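Sequential numbering of the sequence shown, starting at 0, is according to numbering that gives the first Met the number 0.
Following: one structure in structure tokens, then a few remarks.
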Amino acid sequence: MIRTITSTATALGLAATAFATAHAAPAAGDATATTTALPVVNMALVEVAADVEGKYGNQPLGDDASTRLVQSAIRAKGISTSVDGWYGRGTNSAYRTWQRKLGYSGIDANGLPGPGSLGKLGANRFTIAHKVDIGSRHDNYRGVRVNTRTKKMLAAADAKVPFAIYLSQGSYRYPNGASASAGTHDGGGVVDISVGNMTTTQRWQAVKALRQVGFAAWYRTSAQGFTPHVHAVAIGDTDLWQANGLYTNRDQVGDYYKGRTGLASNGPDNTPSSYRVAFTWWERYAGL
Ligand SMILES: [Zn+2]
Numbered sequence: 000m001i002r003t004i005t006s007t008a009t010a011l012g013l014a015a016t017a018f019a020t021a022h023a024a025p026a027a028g029d030a031t032a033t034t035t036a037l038p039v040v041n042m043a044l045v046e047v048a049a050d051v052e053g054k055y056g057n058q059p060l061g062d063d064a065s066t067r068l069v070q071s072a073i074r075a076k077g078i079s080t081s082v083d084g085w086y087g088r089g090t091n092s093a094y095r096t097w098q099r100k101l102g103y104s105g106i107d108a109n110g111l112p113g114p115g116s117l118g119k120l121g122a123n124r125f126t127i128a129h130k131v132d133i134g135s136r137h138d139n140y141r142g143v144r145v146n147t148r149t150k151k152m153l154a155a156a157d158a159k160v161p162f163a164i165y166l167s168q169g170s171y172r173y174p175n176g177a178s179a180s181a182g183t184h185d186g187g188g189v190v191d192i193s194v195g196n197m198t199t200t201q202r203w204q205a206v207k208a209l210r211q212v213g214f215a216a217w218y219r220t221s222a223q224g225f226t227p228h229v230h231a232v233a234i235g236d237t238d239l240w241q242a243n244g245l246y247t248n249r250d251q252v253g254d255y256y257k258g259r260t261g262l263a264s265n266g267p268d269n270t271p272s273s274y275r276v277a278f279t280w281w282e283r284y285a286g287l
């Protein structure tokens with residue numbers, strides 16, 4: 000608390016003194032004055048870029064300054080990466096190297112910044128805003144396993160429609176058993192919505208509600224060869240799976256951003272225009 004008060008006083012009247020002091024004597028214990036001067040990484044934007052830009056190249060998402068800060072911090076750790084504001088496959092790979100250096104493995108070394116690895120990367124370099132927090136990996140929605148962020152998103156979407164949303168498949172299928180649905184449900188942030196009790200209109204309403212709160216969501220139809228359901232990927236989830244060089248869920252977010260289906264054929268999105276909404280993500284929707 001004393002630190003906080005000192006920092007506030009500094010910001011109000013003693014900034015010049017603090018600056019001179021900080022630069023004359025950068026003692027390890029005297030972080031108070033320099034903290035206010037650190038640049039800010041918008042974590043949610045970086046996650047969204049990591050989802051979209053791997054497949055589609057640099058996009059005008061507004062992440063570039065934040066992504067550059069992450070890239071230059073990785074480089075400062077002795078890991079080779081470009082510093083260009085594009086969170087492509089190369090940056091993903093470099094970030095994974097950083098996670099492994101920290102001793103992380105499996106889903107914790109998926110090349111997507113989590114609060115732990117990003118916090119350590121940013122020590123004395125940047126602060127983090129719009130933090131993406133998935134909460135528990137062992138949460139559930141109406142009894143089906145998802146993480147807490149996904150649960151909150153589903154509850155928000157559920158509240159928008161005059162019927163209840165139930166899951167036919169949840170997340171984290173790989174760590175507990177066999178790879179499911181061609182690997183698309185192995186990690187966090189991914190769900191299937193059961194539509195058997197819904198009218199066609201309700202199915203599209205569910206797609207719209209899910210998209211409004213930050214899912215990449217599609218109605219998978221029998222004409223496409225599916226048992227009908229809605230497949231949804233939580234945009235920006237830090238636990239999106241990656242294995243054997245496959246970026247399935249992340250690329251599906253990119254496909255959604257580009258108005259495609261996210262299927263192997265990746266044709267145009269079949270969603271009627273009245274059920275489409277502007278691309279968004281949970282932290283932006285919820286004002287986090
Ligand atoms: Zn699915």
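Note that CB positions come from ideal geometry on N, CA and C, so glycine has one too.
Keep in mind that this is a model prediction, so the values were computed, not measured.
| Should the region 111-130 be regarded as contacting the region 185-204, the criterion being three or more beta carbon pairs within less than 8 Å? | no
| field | Contact set for residue 22: own chain, Cβ-Cβ below 6 Å, skip 5 residues either direction | value | Bear in mind that a pLDDT of 42 at residue 22, under 50, signals an unreliable position, so the number given afterwards is only what the model happens to contain. Result list for residue 22: empty, nothing under 6 Å.
| field | Outcome for residue 226 when other beta-carbon atoms lying within 10 angstroms are tallied against a minimum of 16 | value | exposed
| Is the CB-CB distance between residue 144 and residue 169 below 7 Å? | yes
| request: Mind checking which residues open and close the alpha helix (DSSP H) that includes residue 283? | output: 281-285
| said: Using 7 Å as the threshold, is the C-beta distance between residue 229 and residue 216 below it? | reply: yes
| request: Could you please give the first and the last residue of the uninterrupted alpha helix (DSSP H) stretch that includes residue 43? | output: 42-55
| request: Would you mind working out which of 104, 79, 103 sits nearest residue 93, comparing C-alpha positions? | output: 79
| request: Leaving out five residues on either side along the sequence, give the residues of the same chain with a beta carbon under 8 Å from the beta carbon of residue 81. | output: 70, 89, 90
| said: What does the Cβ neighbour count give for residue 267, buried or exposed, with the cut at 16 atoms within 10 Å? | reply: exposed
| Smallest Cα separation from residue 119: which of 139, 73, 271? | 73
| task | Between the Cα of residue 232 and those of 55, 224, 251, 218, spot the shortest distance and give me the residue it belongs to. | result | 251
| message | I'd like to know whether the C-beta atoms of residue 44 and residue 61 end up nearer to each other than 7 Å. | response | yes
| said: Using only CA atoms, which one of 161, 158, 40, 263 lies nearest to residue 66? | reply: 40
| Among 110, 58, 85, which has the Cα closest to the Cα of residue 240? | 110
| field | CB contact flag (residue 212, residue 274, <7 Å) | value | no
| Is the closest heavy atom of ligand 1 to the C-beta of residue 254 under 6 Å? | no
| request: Just tell me which of 258, 284, 220 has its CA closest to the CA of residue 272. | output: 258
| Of all the options 162, 149, 68, which has the alpha carbon lying nearest to the alpha carbon of residue 112? | 68
| request: Please list, in chain order, all residues of the same chain as residue 289 whose beta carbon is under 6 Å from its beta carbon, the five residues on each side excluded. | output: One cannot answer for residue 289 here, as it falls past the ends of the chain, which runs 0 to 287.
| said: Check for me: the alpha helix (DSSP H) holding residue 256 runs from which residue to which? | reply: 247-256
| Span separating the alpha-carbon of residue 286 from that of residue 199 | 31 Å
| query | Is residue 234 near residue 280, with beta carbons less than 7 Å apart? | reply | yes
| Whose C-alpha, out of 150, 154, 36, 242, is nearest the C-alpha of residue 123? | 36
| message | Helix, strand or coil, according to DSSP, for residue 103 in the structure here? | response | coil
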